[in-house]
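Structure first, commentary second.
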Amino acid sequence: MRNLLFILLAFLSAGAFAQSANQVHMVTESSAYVSGDMVRLQLMVMDASGRPVTEDRIIHTFLTDHRGTVVLKRKFLVTDIEKAGFIQLPADLETGKYTLVACIAGADTRARLSLSVYNPSIFASSIPPDNADTGLGLESSLPAANLTLRPEGALNVSSMANLAIELPKTANKGVMLTKIYDPRFETAPVMSEITESPVPEAIEDKLSFEYITTDPNSRISLYFMEQGFVEEFYLAEEEKILEKLPALFGSGHIYAYQFDAQGNRLGELPVKVEPATRISFATSDNTVPFNDEIRQILEKKRVRKFVDQVYRNGEDPVVSLMAEEYNMNPDRTVVLSNFSGIASLREALSNITPKTQVIRRDKEYELRLSPENSGFRYQESPLILMEGVPTFSLDSLIEMPSEDIESIEVFISLDKLRRFGTFGRYGVVSIHLTKPEENPLQEKLDKIPVYYGVSDLVSEPVSVDGPDLRPVAFWDPALRLSGQEEIMIRWNPSDVAGEYIAWSLVVGADGRILKSARTIEVSSN
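Under the working numbering, the letters of the sequence shown match residues 3 to 527, in that order.
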């Protein structure tokens with residue numbers, strides 16, 4: 003009986019601990035951004051006492067303007083203490099003060115921090131925005147030195163450098179965030195404040211489906227259109243899957259289809275979305291700092307954006323981790339401008355697109371594909387994506403003028419079809435238009451519901467064939483500590499000499515937070 007009581011107490015204690023894991027610790031890379039910038043951040047799940055917790059949690063983030071209106075929302079699934087990634091600011095944000103809020107459903111607290119965002123239109127005018135204070139600047143004081151930061155070796159623009167960070171024994175287990183930056187062109191990281199503010203339990207959209215058959219062995223396929231991949235489940239698993247759905251990747255239009263137990267098509271499923279409970283946010287002051295220091299930082303950001311336009315030209319955007327997991331490249335691609343004498347989509351699919359055949363049945367045309375490295379032909383039509391909008395029937399699309407089509411991509415190998423699930427059983431044809439905004443399936447797209455899924459992390463290009471001009475020389479928001487007495491950071495200075503700042507923060511396993519910063523002189527020789 004005594005042992006049973008001990009086990010029961012342990013179970014109740016563990017349950018109470020799990021329920022207390024409802025705080026969010028948040029750090030953003032900077033405090034000042036230009037509309038359209040990436041906001042790099044670290045999110046960490048913590049218990050009521052501020053200790054990091056290893057527990058699966060969905061963290062909701064909301065960017066609100068000074069009126070408390072949500073202008074952007076994202077959610078991240080944290081499976082191991084923290085999540086590091088970024089959110090992309092809308093390119094049309096007006097100059098002003100914005101608040102970034104992070105919270106967990108049902109929690110009593112929210113993490114919040116303030117960001118200054120500047121619209122690029124300010125670069126074209128010498129007159130400050132109406133809500134800019136030319137006498138207001140950044141906080142210049144560095145945090146108290148709880149950590150020892152020690153530069154080592156040569157510090158010049160032409161070679162790698164080392165930074166040693168000494169850790170006290172009281173905080174040598176946990177997570178470390180380190181940034182090294184040029185303070186003339188960049189701002190310090192910002193750590194959130196915890197505020198007492200209840201969060202509703204029902205802040206997740208709920209999905210339901212109108213099934214064609216209730217056969218438990220039938221298959222439900224969900225195509226996340228913006229992400230370009232499929233999640234599938236058997237109807238017998240519906241309850242379990244609907245609970246899992248909020249943690250699935252992919253925000254955007256979600257297309258549902260039902261197949262029978264053998265994978266034969268039954269039809270599209272109407273999807274109902276029950277909107278989440280609306281959360282209210284506080285209003286705030288909308289004044290942005292705009293002294294000489296801030297204007298210098300903004301000028302640097304303007305130059306950097308120009309360099310990106312010249313040297314990147316949009317050819318190396320951020321890459322989805324989902325795209326890295328799956329092979330997203332088509333097996334065959336045809337660019338219609340390379341061919342003459344092709345008048346319609348039917349002629350292109352019949353004459354110049356590899357592995358595609360157009361057949362006629364009862365006055366209607368149907369498309370068939372042949373698998374890669376095979377001579378036979380599938381007896382069912384492939385999935386057709388018209389600018390990402392799915393359909394299985396060409397219908398009136400077949401006579402679309404070729405001048406409206408930019409390219410046709412064909413997916414026919416098992417490796418390339420894996421991400422399409424049952425949808426890709428007979429191959430996939432993706433059609434890209436010269437004018438995407440004139441998609442003939444736009445009416446269908448408007449009827450497909452939008453689902454708010456977990457945001458996909460992305461990786462950035464690590465090198466650019468052009469001037470360096472990096473205001474941020476080093477950024478690592480998620481270095482795990484496991485008892486080390488010293489951490490050695492190896493970093494590469496930008497091509498601009500001067501004083502850099504090394505900024506580091508540690509969240510210990512016991513909840514203790516240490517942070518420190520120091521100036522590092524980088525020479526030009």
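The beta carbon of each residue, even a glycine, is placed where N, CA and C say it ideally should be.
All of these numbers come straight from a predicted model, not from anything done at the bench.
For residue i, count neighbouring Cβ atoms within 10 angstroms of its own Cβ and tell me buried if that reaches 16, exposed if not.
| i | result |
| --- | --- |
| arginine 112 | buried |
| proline 248 | buried |
| aspartate 39 | buried |
| proline 227 | First, the residue type needs correcting, since residue 227 is methionine and not proline in the sequence shown. Buried is the call here. |
| glycine 485 | exposed |
| glutamate 317 | Only weak support exists for where glutamate 317 lies, its pLDDT of 46 falling under 50; the value from the coordinates is given anyway. Its Cβ having fewer than 16 others within 10 Å, glutamate 317 is exposed. |
| proline 319 | Because the pLDDT at proline 319 is just 47, under 50, the model does not fix this residue reliably, and the point stays unresolved. |
| isoleucine 433 | buried |
| aspartate 82 | exposed |
| alanine 109 | buried |
| lysine 517 | buried |
| valine 36 | buried |
| serine 525 | exposed |
| aspartate 287 | exposed |
| methionine 48 | buried |
With DSSP collapsed to three states, give me the class of residue i.
| i | result |
| --- | --- |
| glutamate 241 | helix |
| glutamate 382 | coil |
| glycine 510 | strand |
| arginine 306 | helix |
| phenylalanine 394 | coil |
| glutamate 374 | coil |
| aspartate 406 | helix |
| asparagine 315 | Confidence is the limiting factor: at asparagine 315 the pLDDT is only 48, short of 50, which leaves the residue's position unreliable, though a coordinate-based value still follows. The answer is coil: DSSP assigns asparagine 315 none of H, G, I, E or B. |
| glycine 254 | strand |
| lysine 246 | helix |
| asparagine 340 | helix |
| lysine 437 | coil |
| leucine 149 | coil |
| arginine 297 | helix |
Quick one, are the C-beta atoms of residue i and residue j less than 8 angstroms apart?
| i | j | result |
| --- | --- | --- |
| glycine 269 | isoleucine 214 | yes |
| cysteine 105 | histidine 68 | no |
| proline 384 | leucine 369 | yes |
| valine 456 | phenylalanine 251 | yes |
| leucine 43 | valine 29 | yes |
| methionine 388 | leucine 338 | no |
| alanine 504 | isoleucine 522 | yes |
| proline 479 | leucine 179 | yes |
| threonine 436 | isoleucine 407 | yes |
| threonine 358 | leucine 371 | yes |
| glycine 87 | asparagine 293 | no |
| alanine 173 | glycine 513 | no |
| tyrosine 502 | alanine 475 | yes |
| alanine 258 | glutamate 206 | no |
| arginine 152 | glutamate 168 | yes |
| tryptophan 477 | glutamate 31 | yes |
| threonine 66 | tyrosine 120 | no |
| serine 496 | valine 72 | no |
| phenylalanine 425 | valine 177 | no |
| valine 103 | phenylalanine 341 | no |
| aspartate 132 | valine 498 | no |
| methionine 193 | leucine 483 | no |
What span of residues does the alpha helix (DSSP H) with residue i cover, start to end?
| i | result |
| --- | --- |
| glutamate 445 | 444-449 |
| lysine 418 | 416-419 |
So residue i packs on residue j, CB below 8 angstroms; how close in whole Å?
| i | j | result |
| --- | --- | --- |
| valine 273 | phenylalanine 211 | 6 angstroms |
| serine 33 | alanine 190 | 7 angstroms |
| threonine 197 | arginine 114 | 6 angstroms |
| asparagine 164 | isoleucine 491 | 7 angstroms |
| threonine 285 | glycine 70 | 5 angstroms |
| glutamate 374 | isoleucine 414 | 5 angstroms |
| proline 92 | leucine 74 | 6 angstroms |
| phenylalanine 125 | arginine 304 | 5 angstroms |
| serine 220 | leucine 209 | Contact doesn't hold; Cβ gap of about 17 angstroms is too wide. |
By the DSSP assignment, the beta strand (DSSP E) with residue i in it spans what residues?
| i | result |
| --- | --- |
| arginine 348 | Note, arginine 348: premise wrong, no beta strand (DSSP E); alpha helix (DSSP H) at 347-353. |
| glycine 269 | 267-270 |
| glycine 87 | 84-90 |
| valine 55 | Counting along the chain, valine 55 falls outside any beta strand (DSSP E), and DSSP gives it neither H nor E. |
| serine 518 | 515-524 |
| tyrosine 236 | 231-236 |
| aspartate 470 | Note, aspartate 470: premise wrong, no beta strand (DSSP E); not H, not E. |
| lysine 77 | 72-80 |
| glycine 176 | 175-183 |
| lysine 274 | 273-276 |
| glutamate 203 | Premise fails: glutamate 203 is in no beta strand (DSSP E) and is neither H nor E. |
| glutamine 44 | 40-48 |
| methionine 28 | 25-30 |
Is it the case that the CB of residue i approaches a heavy atom of the ligand ATP more closely than 7 angstroms?
| i | result |
| --- | --- |
| proline 200 | Of the ligands one can find in the structure shown there are none, so the ligand ATP has no counterpart to examine. |
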